[in-house]
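Asker: Could you have a look at this structure, given as structure tokens, before my questions?
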Amino acid sequence: MSTITHWLHKTGGRGRRLAAYAAGELSGAERVRTESALAGCPGCRREVEAYRLVARALQATPRVSLTAAEAQAFWSGVEQRIATRARPRPLTARPALREVFWDHPRLSLASAAAAAVLVLGLTVSQMSGWLYWGTSLPNGVEVLSVEPGGDAPVMLFQAPGSSLKVIWVFEERPTE
Amino acid sequence: MGGKVPPPEQPGLQDDRYLVERAQQGAREAFAILVRRHQDRAFNLAYQMVRNREDALDVAQEAFARAYTSLSAFKGDATFGTWLHRIVVNLAIDTLRRRRRGGEAPYDDSRGLPEEPEGDLPAPDDPATALEAKQTRALLARGIGQLPPAQRAALILREIEGLSYEEIARAVGCNLGTVMSRLFYARRKLQQALKAHLADLR
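Those protein sequences? They're chains A and B, same order as listed.
Basically the working numbering = 1-based index in the first sequence + 1003.
Basically the working numbering = 1-based index in the second sequence + 19.
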């Protein structure tokens, strides 16, 4: 084995150098040195030839074209994708209030109870001029607590025989 | 939105940069001309990567749609073609990785090999040579299919698309050293995949 061949085998990246040489990607001194080394190394020459055959086979890979129909419809397909992307996202519709109550019967019951208490409270208020908050009202709805609060008094009450508690907030409509 | 693409007859329409500028200003028809000009090459690149017409068409169309929506980010440092290559390659790599994650082989013989592409190479006159070429192509396709997506991209861009190392680096978004490394490993694997066949040919 000649000194030059020895260099090719000893230096790191022999395979890289041969692959690069086969692809014509070595330049100047490195190419000349590799060529000299190849002269004394039949195995290296076979390797270079194999790389070249692979490259030739790759370069001979047939190009694949769109069919006439695909080419014709290509832009439309792109446009559709662009349009889908540009279109603003549809807002998720909030359910109507009646749908909420329809889907949640317990809320309907609570609302009915709250309305009853409110009507009763207003009636008592009108009749006596002040609210009477006992532990039990005539219709059986039990008021658990009343927080006077500032602008919005809060009342917690419970329907008889139900574990459901209802919070009612009395909020005045802002005056114009 | 119509599906018609205006013919590039006017002066300036031959120039990609001009069309990109017009498209950036909102001229959809300028982008349509760019699409028509580059669609075959984008499709071929996508096909070489994913080896399936349906997936290739999907990748190519999606690449143009993404290019359009990020057109404002295109500064003209590279050509429109190189920029598009990058999008195609990245989408193709995503497709290959999805296949792998989905338990599907990254390269499926039933997708690639029987679908002999209707390329533009004339068939050799000699039947033995034609068979040999076909066998080589089949082995090559199988070998390419076994390459990791990033190596496959580097190899295809270099050997099939004929891009320079610098163009490949820009197209796949890595440095020159990485391109050289990926190319070396890809070539070596292919050489090993074809070794027995190459020995027969000698």
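C-beta: ideal position from N, C-alpha, C; glycine also.
Between the stretch 159–167 of chain B and the stretch 201–219 of chain B, are three or more C-beta pairs nearer than 8 Å?
Answerer: Judged by Cβ distances under 8 Å, the stretch 159–167 of chain B makes contact with the stretch 201–219 of chain B, as three or more pairs qualify.
Asker: Suppose you measure from the CA of Arg161 of chain B to the CA of Asp74 of chain B; what does that come to, to the nearest Å?
Answerer: Roughly 18 Å separates the two Cα atoms.
Asker: Using a Cβ-Cβ distance under 8 Å, would Glu185 of chain B count as near chain A?
Answerer: No, no contact with chain A.
Asker: Could you compute how far the alpha carbon of Leu1069 of chain A sits from the alpha carbon of Ala1060 of chain A?
Answerer: If I take the Cα positions, the gap works out to 22 Å.
Asker: Can you confirm whether the stretch 1074–1089 of chain A touches the stretch 1051–1058 of chain A when touching is taken to mean that 3 or more C-beta pairs between the two stretches lie within less than 8 Å?
Answerer: No, the stretch 1051–1058 of chain A is not in contact with the stretch 1074–1089 of chain A.
Asker: Count the other CB atoms, across all protein chains shown, that sit within 10 Å of the CB of Leu150 of chain B; report buried if there are 16 or more and exposed otherwise.
Answerer: Burial call: exposed.
Asker: Determine the direct distance from the alpha carbon of Tyr87 of chain B to that of Leu1041 of chain A, and round the result to whole angstroms.
Answerer: The straight-line gap from Cα to Cα measures roughly 51 Å.
Asker: Out of B:Arg41, B:Ser183 and B:Glu185, which one is the CA nearest neighbour of Ser247 of chain B?
Answerer: Outside the shown range of chain B, which is 20 to 221, sits residue 247 of chain B, and nothing can be said about it.
Asker: What are the residues in the stretch 81–94 of chain B lying within 7 Å of chain A by C-beta distance?
Answerer: Here the close residues are Glu81, Phe83, Ala84, Tyr87 and Thr88.
Asker: Should Ile179 of chain B be flagged as near chain A, meaning a C-beta pair shorter than 8 Å?
Answerer: It does; some Cβ of chain A falls within 8 Å.
Asker: Closer than 8 Å, Cβ to Cβ, to anything on chain B: give me those residues from the stretch 1061–1074 of chain A, in chain order.
Answerer: Against chain B - using a Cβ distance shorter than 8 Å - the residues of the stretch 1061–1074 of chain A are Leu1061, Gln1062, Ala1063, Thr1064, Pro1065, Arg1066, Val1067, Ser1068, Leu1069, Glu1073 and Ala1074.
Asker: I'd like the ranges of any alpha helix (DSSP H) spanning at least 4 consecutive residues and lying wholly in the stretch 41–98 of chain B.
Answerer: Complete alpha helix (DSSP H) runs here, min 4: 47–69 and 72–88.
Asker: When you compare the CB of Ala51 of chain B with every CB in chain A, is at least one pair closer than 8 Å?
Answerer: Interface residue, yes.
Asker: I want to see whether chain A comes within less than 8 Å of Thr148 of chain B, judged by CB atoms only; does it?
Answerer: No - not a single Cβ of chain A is within 8 Å of the one on Thr148 of chain B.
Asker: From which residue to which residue does the beta strand (DSSP E) around Ile1170 of chain A run?
Answerer: Looking at the DSSP string, the run of the beta strand (DSSP E) that includes Ile1170 of chain A is Lys1168 to Val1172.
Asker: What does Gln210 of chain B touch in chain A if you count any residue whose Cβ is under 7 Å from its own?
Answerer: Result: Ala1053, Tyr1054 and Val1057.
Asker: Decide if Leu76 of chain B is buried, meaning its Cβ has at least 16 other Cβ atoms within 10 Å, or exposed.
Answerer: It counts as buried.
Asker: Check each candidate in B:Met68, B:Val54, B:Ala82 and B:Gln80 and name the one with the smallest Cα separation from Leu159 of chain B.
Answerer: Looking at the Cα atoms, B:Met68 is the closest of the given residues.
Asker: Going by the CB atoms, is the gap between Val1169 of chain A and Ala1113 of chain A shorter than 8 Å?
Answerer: The answer is yes: Cβ separation under 8 Å.
Asker: Please classify Val54 of chain B as buried or exposed, where buried requires at least 16 neighbouring CB atoms within 10 angstroms.
Answerer: Burial call: buried.
Asker: If we count the other Cβ atoms within 10 Å of its Cβ and call it buried at 16 or more, is Leu174 of chain B buried or exposed?
Answerer: Burial call: buried.
Asker: Enumerate in chain order the residues of its own chain whose CB-to-CB distance from Tyr1024 of chain A is below 7 Å, with the five nearest sequence positions on each side excluded.
Answerer: Closer than 7 Å at Cβ, skipping near neighbours: Arg1034, Thr1037 and Val1051.
Asker: Please look up how many angstroms separate the CB atoms of Thr1064 of chain A and Ile179 of chain B, rounded, as I've assumed it's under 8 Å.
Answerer: Contact holds; Cβ gap of about 5 Å.
Asker: What's the gap between the Cα of Arg72 of chain B and the Cα of Gln43 of chain B?
Answerer: Each residue's Cα considered, the two are about 30 Å apart.
Asker: With Leu103 of chain B and Ala82 of chain B assumed to form a contact (beta carbons below 8 Å), what rounded beta-carbon distance in angstroms separates them?
Answerer: Between Ala82 of chain B and Leu103 of chain B the Cβ distance is about 6 Å, and since that is below 8 Å, they are a contact.
Asker: State yes or no: is the C-beta of His216 of chain B within less than 8 Å of the C-beta of Thr148 of chain B?
Answerer: Taking 8 Å as the Cβ cut-off, His216 of chain B and Thr148 of chain B do not qualify as a contacting pair.
Asker: I need the straight-line Cα distance from Val191 of chain B to Asp35 of chain B, nearest angstrom please.
Answerer: Going by the C-alpha atoms only, they are around 21 Å apart.
Asker: Please report the distance separating the alpha-carbon of Asp139 of chain B from that of Gln1062 of chain A.
Answerer: Since pLDDT at Asp139 of chain B reaches only 47, below the 50 mark, its modelled position is unreliable, and no value is offered.
Asker: Please decide whether Lys214 of chain B counts as near chain A, where near means a Cβ-Cβ distance under 8 Å.
Answerer: Yes, contact with chain A.
Asker: Helix, strand or coil for Pro1091 of chain A, going by three-state DSSP, please let me know.
Answerer: For Pro1091 of chain A, the predicted model reports a pLDDT of 49, less than 50, meaning its position is unreliable and no value from the coordinates is stated.
Asker: Please state whether DSSP places Gln1161 of chain A in a helix, a strand or coil.
Answerer: Looking at Gln1161 of chain A - three-state DSSP - the assignment turns out to be strand.
Asker: Going along chain B in order, which residues have a C-beta closer than 7 Å to the C-beta of Gly1080 of chain A?
Answerer: Within 7 Å Cβ-Cβ: Gln80.
Asker: What is the rounded straight-line gap between the Cα of Lys94 of chain B and the Cα of Gly196 of chain B?
Answerer: Looking at the two C-alpha atoms, the distance is approximately 25 Å.
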